[in-house]
Structures are given as structure tokens and as C-alpha cells.
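Here is the structure we will look at, set down as C-alpha cells.
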Amino acid sequence: MGTDAIWGASDAARFIAVPGRDDDKYSRGVLGVITGSVHYPGASVLGVEAALRTGLGMVRYLGPERAQELVLQRRPEVVTAEGRVQAWLIGSGMDFAHREDAAEARIAEALQTTVPLVLDGGALDVAERSSGPVVITPHFRELGRLLDEPVESIADDPRKWAIEAAQRLGITVLIKGHTTYVTDGVATVAVASAPVWLATAGAGDALGGILGALVATHSDGVMADPSLLVGLAATASFIHGRAAERASGGGPLTILDLCESVPAVVAELVSNRNGSGPGNGSGSGSGSGPA
Ligand SMILES: NC(=O)C1=CN([C@@H]2O[C@H](COP(=O)(O)OP(=O)(O)OC[C@H]3O[C@@H](n4cnc5c(N)ncnc54)[C@H](OP(=O)(O)O)[C@@H]3O)[C@@H](O)[C@H]2O)[C@@H](O)CC1
Ligand SMILES: Nc1ncnc2c1ncn2[C@@H]1O[C@H](COP(=O)(O)OP(=O)(O)O)[C@@H](O)[C@H]1O
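For the sequence shown, the UniProt record's numbering begins at 1 and goes up steadily by one.
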């Protein structure tokens, strides 16, 4: 075990981009989302919902047709046309071993753009095809598969294997669990804000959406300094855990309830940072990051 600092509210508050007066939907950041599949369309809905509730300029959802319909039913503000994005979220609800041909084609197209990537679920392997900044969000089974190492070894020491993966692949790794570790192979932080009730299907899909929104709203900063991904990923995990705590209230929670709690968690972080009321943005704009 390491002795990493536990990521807290004051750390997370530095990674919220508060829109300024001159911002518009594009300057705030657009997240491109390629998630879901025939078998797991729900993952798309959860990721998009979480991203929108974290705050960003726009979501472009480019997954399979059925998932598009479900996403639009839940969130008509989502755009399903291709166009420029400031970050991609790829892989939640995709099958690692058998990616659909259409998904493969969309991923290849996404890789033509040089923006940060958030890779989850069935797209963790895409990291090695990217030339830009990448953060992956595996659970221990997925990391075992990616590294071709026994799952039991990863479960025994997730922190060590996350660092190993980050160094081997030259990326940032967030390994999920009761304690979540985030590392780029140099800096490592731990996040433990989540209640045990969070161990439920779809929780990881929501985390992907929260992280996607944070990365899209800090895209320029991440391109200039990929080490920002550690703070952004730790902040996503912190918000996720706090939102789960609110949704849980000491009992079971559903993932849509978690998503519904996200804006209040973000508002609380901003409020504490400003020393004033929630939503009292000071015009720091889309480029705000660590102070
Ligand atoms: N609503 C949606 O759209 C959702 C979509 N989701 C999406 O699904 C995708 C796959 O994610 P995942 O984490 O489930 O897959 P994966 O890492 O392959 O793990 C499988 C491992 O679990 C084990 N296992 C299975 N059943 C078990 C049991 N009863 N009791 C004990 N063990 C059991 C199984 O073991 P085996 O049966 O092989 O022995 C195998 O080792 C991913 O893209 C995610 O985003 C999810 O987020 C959920 C909501
Ligand atoms: N025992 C636990 N206590 C707190 N959080 C947990 C626990 N188990 C899992 N989680 C969190 O729940 C989420 C599960 O994600 P994941 O395994 O990808 O699920 P899914 O694929 O069903 O979305 C992660 O954010 C993880 O940190």
C-alpha cells in the first residue's frame, strides 16, 4: 500500500470550470461520446446524463441508433450529428472482445482528431492507438485483461498495477474500487468519497460521463499539460462518490439518482472555492484549472 494523499473537496474545487459571461456552448467544451452497443444501450444514457449534469457546452452522441433514440428520449438537448469536439468519451457499454464494426469505424474517425480521450469499458485498448493525452477508467478485471495479468494479482494490489499500467502505456489510469486510485505513473492520488452502496451496475458508466465533461471543459489545458488528467480524474471520482452519498442517504441508490445529485455537488465545490453562494461564477471561463 502507498501513502497517497486522499483527494478532498478543496482539491476537487480547483478542477471545476465555471462559465464566464463571454462563454458559449462551444467555448465551454463539447464532449463527443461513442458508447453503448446492442447489448448495453443503457450505458450510453447513463454516461450522457452524468456528463450533462456535471456541466459542459454540448454532448455529441455518436453511438448505435437504438442508443441514440434512448439518449434523445432522456435528453433532447443532445446532438447526434458529427462535428468538432474538445474531448472523447469512448467504450462504456461496449464488449472488449467483440466491438461492433460501426463502433470500430467511429473510433477510427475519432482518433483522427487530436483531443484528449477518456476510455472506459470495451475501449481501453484504444489507448495504444492514440497519440494524444489519454485517461482510462478500468475496474480490476478490465485492467487484468488489458495488461494480460491475472485478475487476482490486480485485485490484491490495484494501486501498484495502476502505476504499472500508466508507466507501460504512457497514460493516466483511474482504477475503480471502494478506494479509487488515479495515477500517471509519477503522481498518485487516492479517492474514497463513495458509499459501499455504489457497488451497483451502471455506476462506472456515470463516472465516465462525469470525467468526460471535466476533460472537455479543460481540453486546452490537458493538451498543454497532460498531467492535469490526474486531478481531473480524481475530481470526477470525488464528485461521483459525493453524489452517490447524497443519493444514498445511507441506503440503496440508483444511478439516475446519483446523476441527479451531481449538480448540487458541483455547486457546493464552486461555492466553497468562491466563499460565496452556489453558481456565483466569477467569469473564469473554460480554461480554469488548478489554482
Ligand atoms: N445498463 C448498462 O448498459 C450497463 C452496461 N455495462 C457495461 O457492460 C460492459 C461489461 O461490464 P462488466 O464489468 O459487467 O464486464 P466484465 O469486466 O467483462 O465482467 C464480467 C465479469 O464478471 C463476472 N461475473 C458475471 N456475472 C457474475 C456473477 N453473477 N457473479 C460473479 N461473477 C460474475 C464474470 O465472470 P465469469 O462469468 O466469466 O466467470 C466476468 O469475470 C461494460 O462495457 C460496461 O460499461 C455495465 O456498466 C452495467 C450496466
Ligand atoms: N465497494 C465499493 N464501495 C464504493 N464504491 C464502489 C465499490 N465497488 C465499486 N464501487 C464504485 O462503483 C463504480 C463501479 O464501476 P464499474 O465496475 O465500471 O461498474 P459498471 O460497469 O456496472 O458501470 C466505480 O466507480 C467504483 O469505484
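In this text, a Cβ means the ideal position worked out from N, Cα and C, and glycines have one as well.
Treat the numbers as computed from the prediction; the structure is a model and nothing was measured.
- Query: What span of residues does the beta strand (DSSP E) with T180 cover, start to end?
  - Reply: As a first step, residue 180 must be located in the sequence shown, where it is residue number 180. T180 -> beta strand (DSSP E) spans T180 to T183.
- Query: With respect to 7 Å, is the separation between the Cβ of S92 and the closest non-hydrogen atom of ligand 1 below this value?
  - Reply: Residue mapping note: residue 92 aligns to position 92 of the sequence shown, counting from 1. Yes, Cβ of S92 sits closer than 7 Å to a heavy atom of ligand 1.
- Item | Reference A201, options I255, V78 and L124, closest by Cα | Taking the first residue of the sequence shown as position 1, residue 201 is located at position 201. Nearest of I255, V78 and L124 to A201, Cα basis: I255.
- Query: Between G221 and ligand 2, is the CB less than 7 Å from at least one heavy atom?
  - Reply: The residue you call residue 221 lines up with position 221 of the sequence shown. No; taking the cut-off as 7 Å, the Cβ of G221 has no heavy atom of ligand 2 nearer than that.
- Task: Can you give me the start and stop residues for the beta strand (DSSP E) that M58 sits inside?
- Result: One-based indexing of the sequence shown puts residue 58 at position 58. M58 -> beta strand (DSSP E) spans M58 to Y61.
- Item | Those runs of the beta strand (DSSP E) which lie wholly inside the stretch 151 to 210 and span at least 3 residues | 172 to 175, 180 to 183 and 188 to 191
- Query: Are the CB atoms of V33 and R60 nearer to each other than 8 Å?
  - Reply: Reading the sequence shown from its first residue, position 33 is the one you call residue 33. Reading the sequence shown from its first residue, position 60 is the one you call residue 60. Yes, the pair counts as a contact, with Cβ atoms nearer than the cut-off.
- Message: Under 8 Å, with one C-beta from each stretch per pair, do the stretch 62 to 75 and the stretch 6 to 13 reach the 3-pair mark?
- Response: Output reads no: the stretch 6 to 13 does not touch the stretch 62 to 75.
- What did DSSP end up calling V78 once you bin it into helix, strand or coil? Start at 1 with the first residue of the sequence shown, and residue 78 comes out as number 78. In this structure, V78 counts as coil in the three-state DSSP scheme.
- Message: Rounding to the nearest angstrom, what Cα-Cα distance links T179 and W197 in this structure?
- Response: Within the sequence shown, residue 179 is the residue found at index 179, counting from 1. Within the sequence shown, residue 197 is the residue found at index 197, counting from 1. Their backbone Cα atoms lie some 13 Å apart in a straight line.
- Query: So what's A291 in DSSP terms, helix, strand or just coil?
  - Reply: If you number the sequence shown from 1, residue 291 lands on position 291. Low confidence applies here, because A291 scores a pLDDT of 28, under 50, leaving its location unreliable; read the following figure in that light. If DSSP states are grouped into helix, strand and coil, A291 belongs with coil.
- Query: So which of A108, R28 and D125 has the shortest CA-CA distance to Q86?
  - Reply: Position 86 of the sequence shown, counting from 1, holds the residue named residue 86. The shortest C-alpha separation from Q86 is found at R28.
- Query: Which value, in whole angstroms, describes the spacing of the CA atoms of G177 and A51?
  - Reply: In the sequence shown, residue 177 corresponds to position 177, counting from 1. In the sequence shown, residue 51 corresponds to position 51, counting from 1. Using only the alpha carbons, I get a separation of about 21 Å.
- L117, enclosing beta strand (DSSP E) - first and last residue: Indexing the sequence shown from 1 puts residue 117 at position 117. Counting along the chain, the beta strand (DSSP E) containing L117 begins and ends at L117 to L119.
- Starting from I255, trace the alpha helix (DSSP H) both ways and give me its first and last residue. The residue labelled residue 255 in the question sits at position 255 within the sequence shown. First-last of the alpha helix (DSSP H) with I255: I255 to N274.
- Query: Does DSSP put L89 in a helix, in a strand, or in coil?
  - Reply: Within the sequence shown, numbered from 1, the residue matching residue 89 stands at position 89. The answer is strand: DSSP assigns L89 an E or B state.
- Query: Can we count R141 as close to ligand 1, meaning its CB is less than 7 Å from some heavy atom?
  - Reply: As a working mapping, residue 141 is identified with position 141 in the sequence shown. Within the cutoff, so yes.
- Message: To the nearest angstrom, how far is the alpha carbon of V30 from that of R159?
- Response: Counting from 1 along the sequence shown, the entry for residue 30 is found at position 30. Counting from 1 along the sequence shown, the entry for residue 159 is found at position 159. Roughly 31 Å separates the two Cα atoms.
- Message: What I want to know is whether the C-beta of V265 ends up closer than 7 Å to one or more non-hydrogen atoms of ligand 2.
- Response: In the sequence shown, the residue the question calls residue 265 occupies position 265. Incorrect: V265 has no Cβ contact closer than 7 Å to ligand 2.
- Compute the beta-carbon to beta-carbon distance between S44 and G20, rounded to the nearest angstrom, for a pair I have assumed lies under 8 Å. Translated into positions along the sequence shown, residue 44 becomes position 44. Translated into positions along the sequence shown, residue 20 becomes position 20. About 31 Å separates the two Cβ atoms, so there is no contact after all.
- Task: Could you round the C-beta distance between S193 and R242 to whole angstroms and report it? I think they count as a contact, below 8 Å.
- Result: Against the sequence shown, residue 193 aligns to sequence position 193. Against the sequence shown, residue 242 aligns to sequence position 242. Yes, they are in contact, since the Cβ atoms of S193 and R242 sit about 5 Å apart, within 8 Å.
- Answer yes or no: the CB of V182 versus the heavy atoms of ligand 2, is any distance below 7 Å? Position 182 of the sequence shown, counted from the first residue, corresponds to residue 182. Not under cutoff, so the answer is no.
- Do you know offhand how far P150's Cα is from P133's? The residue you call residue 150 lines up with position 150 of the sequence shown. The residue you call residue 133 lines up with position 133 of the sequence shown. Computed Cα separation, rounded: 27 Å.
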